[in-house]
Amino acid sequence: MISMEELINNVVNGKAPETENITQSAIDDGVSPEKILTDGLIAAMEIVGDKFKKNEFYVPDMLIAARAMKAGLKILQPHLTATGVKPIGTFVIGTVKGDLHDIGKNLVAMMMEGAGFKVIDLGVDVTPEKFVAAVDDHQPQIIGMSALLTTTMVNMKKVIEALESDGKRNSVKVIVGGAPLSRNYAEDIGADGYVEDAAGAPELSKKLIDNGN
Ligand code: B1M
Numbered sequence: 000m001i002s003m004e005e006l007i008n009n010v011v012n013g014k015a016p017e018t019e020n021i022t023q024s025a026i027d028d029g030v031s032p033e034k035i036l037t038d039g040l041i042a043a044m045e046i047v048g049d050k051f052k053k054n055e056f057y058v059p060d061m062l063i064a065a066r067a068m069k070a071g072l073k074i075l076q077p078h079l080t081a082t083g084v085k086p087i088g089t090f091v092i093g094t095v096k097g098d099l100h101d102i103g104k105n106l107v108a109m110m111m112e113g114a115g116f117k118v119i120d121l122g123v124d125v126t127p128e129k130f131v132a133a134v135d136d137h138q139p140q141i142i143g144m145s146a147l148l149t150t151t152m153v154n155m156k157k158v159i160e161a162l163e164s165d166g167k168r169n170s171v172k173v174i175v176g177g178a179p180l181s182r183n184y185a186e187d188i189g190a191d192g193y194v195e196d197a198a199g200a201p202e203l204s205k206k207l208i209d210n211g212n
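Just so you know, we're using numbering that gives the first Met the number 0 here: the sequence shown kicks off at 0 and counts up by one.
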């Protein structure tokens, strides 16, 4: 039986092929995808972050750990997302300008897809102009923004302001998330909702769509 400790060690040490194999073995052993995600992959990134803070890890170490985590996520993806479901709405997501962290954003995208949303992923380092253009192009019900840095979370407000000055703010709900954020911060910048983890994004989005009708 695969242990979560083994999975964590391989992610922390940036071993992508091993992470992929262990994730697959855990699935084969009947471990739930949610447990593998939370107690394995996400737990590993917390350790990586702590090591970075203590100067035991540097940027390249974070990068290879992220690559290993993504290898595990690739195996988990089909187990976390449903297929063939008629879209219940369109969701545009991106990591805000200046920010290159994409694992949390990718997870939110996966969860939303799994819940039956059509997902348009704008990627990382997304400018306010790109978010506004995506509203024109895709007419989403919800926009999601992710930020992992205290220096970039301020750019979420700029997106909301850009939507306002373009007359689009009332046509779309905005949800935000990411480690440095809080519910208060989300309210302060005028977002419609905040969720602490990716798993909460579909429920919040459905609630916002229902309230909007
Ligand atoms: Co960076 N990094 N990083 N990093 N990195 C953090 C975020 C940091 C906390 C590390 C630390 O100091 N302990 C720190 C930020 C400090 C701060 O501002 N408070 C930091 C720093 C400083 C930096 C650089 C500035 C380092 C440097 O260059 N000196 C640099 C910035 C680059 C840039 O973006 N411009 C940098 C670079 C990088 C890498 C590129 C090397 C790499 C990212 C690779 C990638 O994403 N492809 C990286 C990594 C891997 C991390 C840590 C270790 C892990 C992040 C992660 O993927 N976590 C991170 C430390 C940590 O978080 N423990 C750290 C797992 C992921 C699942 O969690 O993204 O939080 P997270 O998503 C969560 C929730 O936040 C939520 O759902 C997820 C859980 O279900 N969520 C949402 C996220 N977005 C959401 C949106 C929603 C809803 C929920 O709705 C729309």
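Using N, Cα and C, we set each Cβ at its ideal position, and we do this for glycine too.
V95 and E128 have their C-alpha atoms roughly 11 angstroms apart.
For a cut-off of 8 angstroms, the C-beta gap from V134 to V171 is around 6 angstroms, short enough to register as a contact. For the set T89, I87, N105 and K50, the Cα lying nearest the Cα of M68 is the one of N105. Sequence-distant Cβ neighbours of K73 in its own chain, meaning closer than 8 angstroms and more than five residues away, are E19. In the three-state DSSP reduction, S164 falls in the helix class (H, G or I). Secondary structure at M144: strand, using DSSP grouped into helix, strand and coil. Burial check for T149: the Cβ neighbour count within 10 Å stays below 16, so the residue is exposed. Contact between F90 and M110 does not hold, since their C-beta atoms are separated by about 10 angstroms, which reaches or exceeds 8 angstroms.
Bounds of the beta strand (DSSP E) holding K117 are K117 to D120. Its chain contains V91, G93, L121, I142, M144, V158, A161 and L162 as the residues whose beta carbon lies nearer than 8 angstroms to that of F130, once the 5 sequence neighbours on both sides are disregarded; these appear in chain order. Sequence-distant Cβ neighbours of A108 in its own chain, meaning closer than 7 angstroms and more than five residues away, are I92, V118 and D120. Sixteen is the threshold: since fewer than 16 other Cβ atoms of the shown chains lie within 10 Å of the Cβ of N169, the residue is exposed. A straight-line Cα-Cα distance of about 6 angstroms links G88 and Q140. Contact check for D28 against M3 fails: the beta carbons are separated by 8 angstroms or more.
The Cβ-Cβ distance between L147 and A178 falls below 8 angstroms. A direct Cα-to-Cα measurement between G48 and V58 gives close to 10 angstroms.
Taken through DSSP and simplified to helix, strand or coil, V30 comes out as coil. The DSSP-derived three-state label of K172 is strand. In chain order, M144, M155, A185, A190 and Y193 place their CB closer than 7 angstroms to the CB of V175, counting only its own chain and leaving out the 5 sequence neighbours on each side. By the beta-carbon neighbour count (other beta carbons within 10 angstroms, threshold 16), G211 is exposed. Relative to the non-hydrogen atoms of the ligand B1M, the Cβ of V95 never comes closer than 7 angstroms to any of them.
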